[in-house]
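Enquirer: For any residue, its number in this note's numbering is found by taking its place in the sequence shown, counting from 1, and adding 961.
Built from N, CA and C at the ideal position, the CB exists for glycine as well.
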Amino acid sequence: MSDDFDDPNDMPPYRERADIGMNELVGALNSFQLMDDPYLSMQIYNLALVDQFIMELEEEVLQKLLHEERTPPETMFLSAQSQMWIFAAYELMRTWRERATDVLNLHKNGGLKLKIDALRKPQGFTHVGREIRADQLQRIVDDENAVERIREDLRVAHVPFGNLEYIRIALAKHQVPGKAKQIAYAPGYGRINQWCGSLDYQLERGRVILGQISRRNIADELRAMSDRTSVPSEDDLKSFDEFMKGPKHDPFDGP
962 MSDDFDDPND MPPYRERADI GMNELVGALN SFQLMDDPYL SMQIYNLALV DQFIMELEEE
1022 VLQKLLHEER TPPETMFLSA QSQMWIFAAY ELMRTWRERA TDVLNLHKNG GLKLKIDALR
1082 KPQGFTHVGR EIRADQLQRI VDDENAVERI REDLRVAHVP FGNLEYIRIA LAKHQVPGKA
1142 KQIAYAPGYG RINQWCGSLD YQLERGRVIL GQISRRNIAD ELRAMSDRTS VPSEDDLKSF
1202 DEFMKGPKHD PFDGP
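1) Return the first residue and the last residue of the alpha helix (DSSP H) that residue 1063 is part of.
2) Whole angstroms is fine: what's the gap from residue 1097's alpha carbon to residue 1209's?
3) Please look up how many angstroms separate the CB atoms of residue 1048 and residue 1133, rounded, as I've assumed it's under 8 angstroms.
4) Alpha carbon to alpha carbon, how far is residue 1028 from residue 1157? Give it in angstroms, no decimals.
5) Answer yes if the segment 1115-1124 comes into contact with the segment 1168-1188, meaning at least three C-beta pairs across the two stretches below 8 angstroms, and no otherwise.
6) When you compare only the Cα positions, how much space is there between residue 964 and residue 1155?
7) Quick test of your reading: residue 1184 and residue 1020, contact by CB under 8 angstroms. State the CB separation rounded to the nearest angstrom.
8) By Cβ distance below 6 angstroms, which residues in the same chain neighbour residue 998 in space, the five residues on each side in sequence not counted?
9) Here's a check: name, in chain order, each residue in its chain whose Cβ is nearer than 6 angstroms to the Cβ of residue 1114, leaving out the five neighbours to either side.
10) Roughly how many angstroms lie between the CA atoms of residue 987 and residue 1005, to the nearest whole one?
11) For the segment 1012-1019 and the segment 1063-1078, state whether three or more C-beta atom pairs, one from each stretch, are separated by less than 8 angstroms.
12) Evaluate residue 1129 with the Cβ neighbour count: other Cβ atoms within 10 Å of its Cβ, from every protein chain shown; 16 or more gives buried, anything less gives exposed.
13) Checking 8 angstroms against the spacing of the C-beta atoms, do residue 1118 and residue 1186 come in under that value?
14) Mapping the DSSP letters down to three states, classify residue 1197 as helix, strand or coil.
15) Residue 1082 by DSSP, collapsed to three states: which one?
16) Quick one: complete alpha helix (DSSP H) runs, 4+ long, within the segment 1127-1194?
17) So residue 1136 packs on residue 1145, CB below 8 angstroms; how close in whole Å?
18) From 1088, 1108, 1202, 1068, pick the residue whose C-alpha is nearest to that of residue 1120; which is it?
19) Check for me: the alpha helix (DSSP H) holding residue 1090 runs from which residue to which?
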């Protein structure tokens, strides 16, 4: 593709679909502490498998759009698949974040051993889920570096999850994030991205548009979490959170 563009600044901002293996998303998510739960791993593989399917669908929709110069009827199916994938990605990351935060709180309060003992308490039957969780916590106790890696994992996942949560609230609840009583503007409406075919959704706060994001953007952000060469600082995360709140003063209200 690079031969088609003389100026590097005109290069497509997305990699070729054929160059993205399913293992990238699986590896990035499995690199996180506490993702070694086999049932979470199942969700990771589901997410990565469907991601491959949707990327191919996105590419087909884009090619039809360029060829026919009208919105292809397949876009409706793409929209449905995209939203379902976003919801699934959100639930996976939300579940992991809750567990990671819970472990940090237990570690801080000295409650990890008590939690392990409570999980191992006989239930009258074999409770696989409790046994898996107890084994996970025991590995945290046995590894003196595990807690610090969890803290790093949370920092790495903060921005991708923040973007994912923002658009998920608009798509699923039809609300403006952080403003439960404010109705979202055209929730679920997306435009076909000119480079990859994924649907671009607006990140809006009333009359202010913070930017746009697509399912492909989210998947690429999750894939990139395996890169730990530049872990965001706490100041970076605070700056992101402030930006996502939108401007304190509506620029359309005048000075």
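Expert: Taking the definition as stated:
1) As a working note, residue 1063 is residue 102 in the sequence shown. 1036-1070 is the span of the alpha helix (DSSP H), which, as asked, contains residue 1063.
2) As a first step, residue 1097 must be located in the sequence shown, where it is residue number 136. As a first step, residue 1209 must be located in the sequence shown, where it is residue number 248. Inter-residue distance for residue 1097 and residue 1209 is about 43 angstroms (C-alpha atoms, whole angstroms).
3) As a working mapping, residue 1048 is identified with position 87 in the sequence shown. As a working mapping, residue 1133 is identified with position 172 in the sequence shown. Yes, they are in contact, since the Cβ atoms of residue 1048 and residue 1133 sit about 6 angstroms apart, within 8 angstroms.
4) Along the sequence shown, read from residue 1 onward, the residue named residue 1157 stands at position 196. Along the sequence shown, read from residue 1 onward, the residue named residue 1028 stands at position 67. Taking the straight line joining both Cα atoms gives about 15 angstroms.
5) yes
6) As a working mapping, residue 964 is identified with position 3 in the sequence shown. As a working mapping, residue 1155 is identified with position 194 in the sequence shown. Unreliable positioning characterises residue 964 in this predicted model, as indicated by a pLDDT of 47, which lies under 50. A coordinate reading is not provided.
7) Within the sequence shown, the letter at position 223 stands for residue 1184. Within the sequence shown, the letter at position 59 stands for residue 1020. Contact flag wrong, Cβ pair sits at about 17 angstroms.
8) Locating residue 998 in the sequence shown gives position 37, counting from the first residue. Taken in chain order, the residues that qualify are 1093.
9) In the sequence shown, counting from the first residue as 1, residue 1114 sits at position 153. 993, 994, listed in sequence order.
10) Taking the sequence shown and counting its residues from 1, one reaches residue 987 at position 26. Taking the sequence shown and counting its residues from 1, one reaches residue 1005 at position 44. Rounded to the nearest angstrom, the two C-alpha atoms are 6 angstroms apart.
11) no
12) What you label residue 1129 is simply residue 168 of the sequence shown in a count that begins at 1. Classification for residue 1129: buried.
13) Within the sequence shown, numbered from 1, the residue matching residue 1118 stands at position 157. Within the sequence shown, numbered from 1, the residue matching residue 1186 stands at position 225. For residue 1118 and residue 1186, yes; Cβs fall inside 8 angstroms.
14) The residue given as residue 1197 occupies position 236 in the sequence shown. DSSP places residue 1197 in helix when its eight states are reduced to three.
15) The count along the sequence shown starts at 1 and reaches residue 1082 at position 121. Coil.
16) 1176-1184
17) The residue you call residue 1136 lines up with position 175 of the sequence shown. The residue you call residue 1145 lines up with position 184 of the sequence shown. In this structure residue 1136 touches residue 1145 by the C-beta definition: roughly 6 angstroms separates them, less than 8 angstroms.
18) Counting from one through the sequence shown, the residue named residue 1120 turns up at place 159. Of the candidates 1088, 1108, 1202, 1068, the one whose C-alpha sits nearest the C-alpha of residue 1120 is 1202.
19) Within the sequence shown, numbered from 1, the residue matching residue 1090 stands at position 129. Segment 1089-1103, the alpha helix (DSSP H) holding residue 1090.
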